[in-house]
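Shown next, in structure tokens, is the structure this report addresses.
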Amino acid sequence: MDSTGMDKAPTPMQQINEAYKCCKFGWFHIKLLAAAFVGTVASILVTCTTSYLLPTAECDLNNMSLLEKGLLNASPYFVLNTWNFYLYAMSLWSLASFIMYAFIPESPKYLITKKKYAEAREIIIKIYVENTGNARTTFPYPDLWKNEEKDQKLKDTPITKSISHQIVVGLQTVKVLFRNPLLLYLITLSIMNFLTMGKYNMVRLWYPQISTIIEHGDISGVDLCVLLDKYTEDLRLKSNLTMYECVPTKSGTETYVNTIIIGCVCILPFFISGALVNRVGKKSLFISSSLICVGANLGLRWADSKSTIVALFSLDIAVSQCMKGLIQVQAVEFFPTAVRTLAMSIIMLSARMGTLLANILLPILLDMGCMILFFSLSGVMICITILSIFLPSKKIECHTDKRIKK
1 MDSTGMDKAP TPMQQINEAY KCCKFGWFHI KLLAAAFVGT VASILVTCTT
51 SYLLPTAECD LNNMSLLEKG LLNASPYFVL NTWNFYLYAM SLWSLASFIM
101 YAFIPESPKY LITKKKYAEA REIIIKIYVE NTGNARTTFP YPDLWKNEEK
151 DQKLKDTPIT KSISHQIVVG LQTVKVLFRN PLLLYLITLS IMNFLTMGKY
201 NMVRLWYPQI STIIEHGDIS GVDLCVLLDK YTEDLRLKSN LTMYECVPTK
251 SGTETYVNTI IIGCVCILPF FISGALVNRV GKKSLFISSS LICVGANLGL
301 RWADSKSTIV ALFSLDIAVS QCMKGLIQVQ AVEFFPTAVR TLAMSIIMLS
351 ARMGTLLANI LLPILLDMGC MILFFSLSGV MICITILSIF LPSKKIECHT
401 DKRIKK
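Quick note on the UniProt record's numbering: the sequence shown kicks off at 1 and runs consecutively.
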């Protein structure tokens, strides 16, 4: 109630939430989930397929060193060999996700922030018809945002259609992202995502190579670091030989079985985090996950059995994947709709840069010593834990839409 005793008129964002309730859950949401699933699978396959081919294809790729394998893990590669057809088959997921995303409409909430009320209303009505099967005329809010649309038309002038004005308006909208506290959140989340994704993809993409080394080595009586140091030393000796016939160390059944185990374990954190996130909070869950990864990385340093190594790798990759999702959820919460896409793009760009750098650094660190590698990974997770302490536990409302409306 306001000072006149009358209820305040609902905002467009409040109205859109009411309209969403009328649309219910239906075919549109199934298509959206299917597109998201295919896109997620495509992103995983695009990044990890090369890592499983490297042990087999190293001779086809001119007897690659560990550093060269890291560069290949971090960048795309194109050449026609028999194993490339596997890559082409995996790329079909990306093509399918492209086609499916092409039929997904723009977010009505985003259109509302851009004052495109007619487009937003049309999309809401289409979702309503698709989900409920009812006619358009039965939509409970046929005049949704028509008053706002009329007001917007009265405010529009020929100047607003000029390119220079649109650039200025766009910069005014984006400017709020580079003011505190949003700028501080952007920098913190970007650094956290840089480190998290770099470490996550480093371990995930290099696991097939490490598993192949373990599979063809003798781990009885020695720990993982002894085995890896012996492998890197053998590579140095072979690189000094002028006459050397390359024999690829192919991944066996054990590597693929262990990969399936890791994949199954990676599903569990989604259910566990979903049950815990509302009880303990995103920040507390993220800090706990970081500390678990620290323990897993330190444990790998002294792991002396195949089952222990697989268990620790599974724990590390699964929890890191959960942390990646928590960072994205926090980014969605902290940034308003108008600048959320740009913020997410910057945060994910930092993640890609982290992945690129991490895959190049791993063979360098491994060449310096296995102990240095795992201690460095633990140090990275400790840095992420410290950074996460500075994030707010709850969303702060004061910095969202108020500044954008000015």
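The beta-carbon is built from N, C-alpha and C at its ideal position, and this holds for glycine as well.
Which of helix, strand or coil does DSSP assign to residue i?
| i | result |
| --- | --- |
| Trp-145 | coil |
| Asp-223 | coil |
| Lys-109 | helix |
| Phe-178 | helix |
| Pro-269 | helix |
| Ala-303 | coil |
| Leu-391 | coil |
| Gly-295 | helix |
| Lys-199 | helix |
| Gly-274 | helix |
| Ile-104 | coil |
| Gly-281 | coil |
| Phe-374 | helix |
| Pro-208 | helix |
| Gly-170 | helix |
| Lys-114 | coil |
| Phe-334 | helix |
| Phe-194 | helix |
| Phe-37 | helix |
Rounded to a whole number of angstroms, what is the C-alpha to C-alpha distance between residue i and residue j?
| i | j | result |
| --- | --- | --- |
| Met-381 | Val-294 | 6 Å |
| Pro-336 | Lys-126 | 25 Å |
| Met-368 | Leu-171 | 47 Å |
| Ile-309 | Ile-213 | 12 Å |
| Tyr-77 | Lys-109 | Legend: pLDDT at Tyr-77 = 46, less than 50; position of this residue unreliable, no value from coordinates given. |
| Ile-99 | Asp-229 | 46 Å |
| Phe-374 | Glu-149 | 58 Å |
| Ile-346 | Tyr-185 | 12 Å |
| Val-38 | Gly-325 | 17 Å |
If I measure Cβ to Cβ from residue i and keep anything under 7 Å in the same chain, skipping five residues before and after, which residues do I get?
| i | result |
| --- | --- |
| Trp-302 | Asp-223 |
| Leu-387 | Thr-188, Ile-191 and Met-192 |
| Ile-112 | Pro-12, Met-13, Ile-16 and Ala-120 |
| Ala-331 | Leu-189, Ala-343, Met-344 and Ile-347 |
| Asn-258 | Ser-211 and Val-310 |
Go to residue i, then tell me how far its alpha helix (DSSP H) extends in each direction, as first and last residue.
| i | result |
| --- | --- |
| Lys-21 | 12-23 |
| Asp-218 | Neither: Asp-218 is in no alpha helix (DSSP H) and is coded neither H nor E. |
| Ala-351 | 337-368 |
| Ile-127 | 117-132 |
Whose C-beta lies closer than 8 Å to the C-beta of residue i among residues of the same chain, with five residues either side of it excluded?
| i | result |
| --- | --- |
| Thr-49 | Tyr-86, Leu-87 and Met-90 |
| Thr-196 | Ser-320, Met-323, Lys-324, Ile-327, Ala-351, Gly-354 and Ile-384 |
Is it a yes or a no for the stretch 195-203 touching the stretch 337-344, going by three-plus beta-carbon pairs under 8 Å?
-> The answer is no - the stretch 337-344 does not touch the stretch 195-203, with fewer than three Cβ pairs under 8 Å.
Are three or more beta carbon pairs between the stretch 277-294 and the stretch 348-367 nearer than 8 Å?
-> Pairwise C-beta distances place the stretch 277-294 out of contact with the stretch 348-367, as fewer than three of them are shorter than 8 Å.
Contact between the stretch 317-329 and the stretch 267-274 (3+ Cβ pairs under 8 Å) = Contact between the stretch 317-329 and the stretch 267-274 is present, because at least three Cβ pairs lie under 8 Å.
Three or more beta-carbon pairs under 8 Å between the stretch 130-139 and the stretch 20-29, yes or no?
-> With a cut-off of 8 Å, the stretch 20-29 and the stretch 130-139 count as touching, because enough Cβ pairs lie within range.
Inter-stretch contact at 8 Å, needing at least 3 Cβ pairs: the stretch 30-47 / the stretch 138-147 = Touching, no, given that fewer than three Cβ pairs across the two stretches are closer than 8 Å.
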